[in-house]
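Novice: First, the structure itself, so that you have it in front of you.
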Amino acid sequence: MLALGAASPEVWWTLSLAALSFVLAVLEHGWTHLSRTRLAETASGPASRSRLERMLAQGDHVEDALIVMRVATQVALIMLLVVLFQSGADSASAGGARALLLAGGVAFVWITLFCRILPAEMNARLLEGIVRRTMPVIVLLSRVLGPPMTLLRSLGRAMTGHTPAAEAELYADEILSTVEEGEREGHLAGDQADMIERVLELQHTEVRNLMTPRTDMEVINVTCSVAQAREEALQSGRSRYPLVEGNVDRVVGILHVKDLLGNAPDLCVRELARPPRFVPDSKFGSELLAEFRSDRAHLAVVLDEYGGTAGLVTIEDVLEEIVGEIDDEFDDLEELEEIDIVDERHAVAPGGMHVDELNEALSISIPESDDWATLGGFIFHTLGRLPVQGEELQHEQLTLRIEEVVERRISRVAITIGEPAA
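Our numbering applies: residue 222 is where the sequence shown begins, and numbers increase by one.
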């Protein structure tokens with residue numbers, strides 16, 4: 222029989238390790254599953270909140286330390302259970318195998334019930350209180366075990382080829398899976414789920430897919446007077462214009478319409494020009510949005526790989542990628558009519574419509590590529606020349622007929638879905 226008397230140090234060590242393994246399991250579960258923002262909000266005051274936020278910033282170190290301590294405690298617990306059961310065996314010959322079986326069984330029940338199931342079922346508010354009150358101890362563990370764990374983590378990444386970028390991609394996929402599950406279960410409305418997905422997709426969306434192409438840019442010549450610029454601004458209703466010198470490839474400044482107020486009508490707008498912001502067409506939308514926010518900018522000129530002007534992108538263009546079209550009183554109603562669906566097999570779409578939006582709207586599969594972003598771009602690239610009005614292009618089960626060409630731009634395209642007539 223087991224020697225469970227008060228004088229048995231193995232018993233007390235075993236009970237202590239069992240309790241410690243439970244506490245560490247609770248802390249680990251709380252740390253990995255609770256919201257960092259929510260934990261910071263539970264701080265009692267500004268100083269406590271600041272200290273808590275600094276601790277929360279050491280997320281990886283803390284998680285690693287808790288995992289190491291929990292695993293080490295559980296291993297020590299199993300070893301002590303083996304010693305304890307061996308000391309209580311009737312004979313040395315029967316002690317080994319029986320002790321291992323008993324120790325394994327007890328450890329399995331304890332770890333499964335008290336270190337896995339019970340922490341997962343604990344109330345979130347209770348977990349927050351436990352984690353917050355034990356935060357100094359947690360951070361002390363992370364400082365002691367953090368450096369060696371960082372070294373081991375780096376070694377593991379080198380061996381597996383795992384990178385922080387791949388880890389970020391994995392987190393994004395996990396968020397998308399959670400959003401889809403929440404939408405299926407009714408916790409998220411469809412438009413809310415779509416918005417979250419578009420926010421995550423923005424980090425992979427290049428500016429060339431967000432911009433207004435150079436052919437649609439509204440610009441003002443830098444040699445214009447204030448009076449001429451006012452007249453052009455009144456016609457289009459924009460608040461900012463690129464100032465060009467000679468042609469659209471030479472953008473020399475940005476004109477804010479508000480700067481036209483209070484200045485002499487004959488003043489040259491060159492005197493009011495602000496420095497232009499240039500971005501490559503390969504920049505991702507999330508990066509551009511961060512730059513717009515940090516610099517309080519609203520507009521950038523997009524450059525292609527040869528340094529020419531590819532188009533213009535505004536903060537509204539980026540936000541529309543997340544929330545959908547943002548229309549104001551100056552938007553032309555004709556421009557807002559994107560697709561005219563005649564019937565289930567026939568539709569008419571603008572040449573400037575993005576391919577992904579067209580595919581989604583009509584359930585078709587026009588290929589997407591870095592070489593084009595719009596329906597007109599796809600037709601140009603496929604034909605290799607400027608199409609003429611009335612010309613038809615066959616792509617798989619689609620017939621694309623150019624309905625209108627305006628100034629070398631494909632304005633409207635008639636789409637027929639289905640096998641062409643023999």
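Glycine included, C-beta positions come from ideal geometry on N, C-alpha and C.
Since this is a predicted model, take the numbers as computed values, not measurements.
Note the first and the last residue of the continuous beta strand (DSSP E) segment covering Gln615.
Specialist: Sequence index remark: in the sequence shown, residue 615 carries index 394 (1-based). Per DSSP, Gln615 belongs to the beta strand (DSSP E) from 613 to 616.
Novice: Of all the options Glu612, Leu621, Leu607, Val576, which has the alpha carbon lying nearest to the alpha carbon of Ala569?
Specialist: Here residue 569 corresponds to residue number 348 of the sequence shown, with the count starting at 1. A small correction: the amino acid at residue 569 is Val; Ala does not occupy that position in the sequence shown. Checked all of Glu612, Leu621, Leu607, Val576; the closest Cα to Val569 is Leu621.
Novice: Under a Cβ-count criterion, where at least 16 other Cβ atoms within 10 Å of its own Cβ denotes burial, should Met438 be classed as buried or exposed?
Specialist: Reading the sequence shown from its first residue, position 217 is the one you call residue 438. Buried, because 16 or more other Cβ atoms sit within 10 Å of the Cβ of Met438.
Novice: Excluding the 5 residues flanking Ala450 on each side, which residues of the same chain have their C-beta closer than 7 Å to its C-beta?
Specialist: Within the sequence shown, the letter at position 229 stands for residue 450. Ile441, Leu476, Leu481, Val490.
Novice: Does the segment 406 to 415 come into contact with the segment 513 to 528, if we say contact requires no fewer than three beta-carbon pairs (one atom in each stretch) closer than 8 Å?
Specialist: The segment 406 to 415 is not in contact with the segment 513 to 528.
Novice: Cβ atoms of Leu301 and Trp234: under 8 Å apart, would you say?
Specialist: Taking the sequence shown and counting its residues from 1, one reaches residue 234 at position 13. Taking the sequence shown and counting its residues from 1, one reaches residue 301 at position 80. Their beta carbons are under 8 Å apart, which means Trp234 touches Leu301 by this criterion.
Novice: Which residue's Cα is closest to the Cα of Glu231: Leu248, Gly251, Ser308?
Specialist: Stepping through the sequence shown from its first residue, residue 231 is reached at position 10. Of the listed residues, the one whose Cα sits closest to Glu231 is Ser308.
Novice: If you follow the beta strand (DSSP E) that Val646 is in, where does it begin and where does it stop?
Specialist: Lying outside 222 to 643, the shown extent of the chain, residue 646 is not represented and no answer is given.
Novice: Going by alpha carbons, who is nearest to Glu565 out of Ile638, Phe306, Cys445?
Specialist: Sequence index remark: in the sequence shown, residue 565 carries index 344 (1-based). Residue Ile638 is the option with its Cα nearest to Glu565.
Novice: Could you work out which residue in Leu464, Val447, Gln610 is closest to Gly483 when comparing CA atoms only?
Specialist: By one-based count along the sequence shown, residue 483 stands at place 262. Taking only the C-alpha atoms, the option nearest Gly483 is Val447.
Novice: For the alpha helix (DSSP H) holding Ile636, just list the boundary residues, first then last.
Specialist: As a first step, residue 636 must be located in the sequence shown, where it is residue number 415. Note, Ile636: premise wrong, no alpha helix (DSSP H); beta strand (DSSP E) at 630 to 638.
Novice: So what does Val500 bridge to, in DSSP terms?
Specialist: Within the sequence shown, residue 500 is the residue found at index 279, counting from 1. According to DSSP, Val500 bridges with Val523.
Novice: CB-CB under 7 Å to Gly532, same chain, minus the five flanking residues each way: which ones, in chain order?
Specialist: As a working mapping, residue 532 is identified with position 311 in the sequence shown. Hits under 7 Å: Met432, Thr433, Pro434, Arg435, Met438, Val523.
Novice: Can you tell me which residues form a DSSP beta bridge with Arg622?
Specialist: On the sequence shown, residue 622 is found 401 positions in, with the first residue counted as 1. DSSP, once it has assigned bridges, lists Glu613, Ala635 as partnering Arg622.
Novice: Along the chain, where does the beta strand (DSSP E) that runs through Thr530 open and close?
Specialist: Within the sequence shown, numbered from 1, the residue matching residue 530 stands at position 309. From DSSP, the beta strand (DSSP E) with Thr530 extends over 530 to 535.
Novice: Between Val500 and Gly474, how many whole angstroms is the CB-CB distance? I'm expecting something under 8 Å.
Specialist: Start at 1 with the first residue of the sequence shown, and residue 500 comes out as number 279. Start at 1 with the first residue of the sequence shown, and residue 474 comes out as number 253. Actually they are not in contact, since the Cβ atoms of Val500 and Gly474 sit about 16 Å apart, beyond 8 Å.
Novice: Would you kindly report the start and end of the unbroken alpha helix (DSSP H) that includes Ile600?
Specialist: Locating residue 600 in the sequence shown gives position 379, counting from the first residue. Where Ile600 is concerned, the enclosing alpha helix (DSSP H) stretches over 596 to 604.
Novice: Nearest to Met416 by alpha carbon, out of Ile543, Pro463, Phe306?
Specialist: Within the sequence shown, numbered from 1, the residue matching residue 416 stands at position 195. Ranking Ile543, Pro463, Phe306 by Cα distance to Met416 puts Ile543 first.
Novice: Which of the three DSSP states, helix, strand or coil, is assigned to Cys445?
Specialist: Working through the sequence shown from its first residue, we reach residue 445 at position 224. Cys445: coil per DSSP, three-state reduction.
Novice: Report the rounded CA-to-CA distance for His645 versus Leu464, giving the unit in angstroms.
Specialist: Lying outside 222 to 643, the shown extent of the chain, residue 645 is not represented and no answer is given.
Novice: Just to confirm the assignment, what range does the alpha helix (DSSP H) spanning His567 have?
Specialist: By 1-based counting over the sequence shown, the position of residue 567 is 346. Element bounds for His567: not the alpha helix (DSSP H) but the beta strand (DSSP E), 567 to 571.
Novice: Out of Asp591, Gly506, Met370, Leu245, point me to the one whose CA is closest to Glu526's CA.
Specialist: What you label residue 526 is simply residue 305 of the sequence shown in a count that begins at 1. Here the closest residue by C-alpha is Asp591.
Novice: Straight-line CA distance for Ile359 to His254?
Specialist: In the sequence shown, counting from the first residue as 1, residue 359 sits at position 138. In the sequence shown, counting from the first residue as 1, residue 254 sits at position 33. Using only the alpha carbons, I get a separation of about 16 Å.
Novice: Applying the criterion that 16 or more other CB atoms from any shown protein chain within 10 Å of the CB defines a buried residue, is Met380 buried or exposed?
Specialist: For the purposes of this step, residue 380 is taken as residue 159 along the sequence shown, with counting starting at 1. Exposed, by the Cβ-count rule.
Novice: Rounded to whole angstroms, what's the CA-CA distance from Val352 to Gly325? Just pull it up for me.
Specialist: In the sequence shown, residue 352 corresponds to position 131, counting from 1. In the sequence shown, residue 325 corresponds to position 104, counting from 1. Looking at the two C-alpha atoms, the distance is approximately 30 Å.
Novice: In the DSSP assignment, find the beta strand (DSSP E) that holds Asp564 and state where it starts and stops.
Specialist: Taking the sequence shown and counting its residues from 1, the one referred to as residue 564 is at position 343. Its beta strand (DSSP E) spans residues 561 to 564.
Novice: What are the residues that DSSP puts in a beta bridge with Leu464?
Specialist: Reading the sequence shown from its first residue, position 243 is the one you call residue 464. Looking at the DSSP assignment, Leu464 forms a beta bridge with Ile441, Gly474.
Novice: Hey, would you say Ile631 sits closer than 8 Å to Ile587, going by beta carbons?
Specialist: The count along the sequence shown starts at 1 and reaches residue 631 at position 410. The count along the sequence shown starts at 1 and reaches residue 587 at position 366. Against a cut-off of 8 Å, the Cβ pair of Ile587 and Ile631 comes out as no contact.
Novice: DSSP state of Thr235, grouped into three classes?
Specialist: The residue given as residue 235 occupies position 14 in the sequence shown. Here Thr235 sits in helix by DSSP.
Novice: Excluding the five sequence neighbours on either side, which residues of its own chain have a C-beta within less than 7 Å of the C-beta of Leu554, listed in chain order?
Specialist: On the sequence shown, position 333 is the one that residue 554 refers to. Low per-residue confidence applies at Leu554: pLDDT is 42, beneath 50, and the placement is therefore not dependable, though the value from the model is reported in the following sentence. So no residue of the chain qualifies.
Novice: Nearest to Gly506 by CA position, among Arg461, Gly467, Gly598, Asn430, is which residue?
Specialist: Translated into the one-based positions of the sequence shown, residue 506 becomes position 285. For Gly506, the nearest C-alpha among the options comes from Asn430.
Novice: Quick check on the burial criterion: 16 or more other C-beta atoms within 10 angstroms. Buried or exposed for Ser398?
Specialist: For the purposes of this step, residue 398 is identified with residue 177 of the sequence shown, where counting begins at 1. Exposed.
Novice: Identify whether His408 lies in helix, strand or coil by the three-state DSSP scheme.
Specialist: Counted from its first residue, the sequence shown places residue 408 at position 187. Three-state result, His408: coil.
Novice: Residues bridged to Val627 by DSSP?
Specialist: Residue numbering aside, residue 627 sits at position 406 when the sequence shown is read from its first letter. DSSP lists Arg630 as partners of Val627.
Novice: Going by the DSSP bridge assignment, what does Val425 pair with across the sheet?
Specialist: Taking the first residue of the sequence shown as 1, we reach residue 425 at position 204. Looking at the sequence shown, residue 425 is not Val but His. DSSP, once it has assigned bridges, lists no residue as partnering His425.
Novice: Does the beta-carbon distance from Val469 to Thr530 come in below 8 Å?
Specialist: Your numbering for residue 469 matches position 248 in the sequence shown. Your numbering for residue 530 matches position 309 in the sequence shown. Contact flag set, yes.
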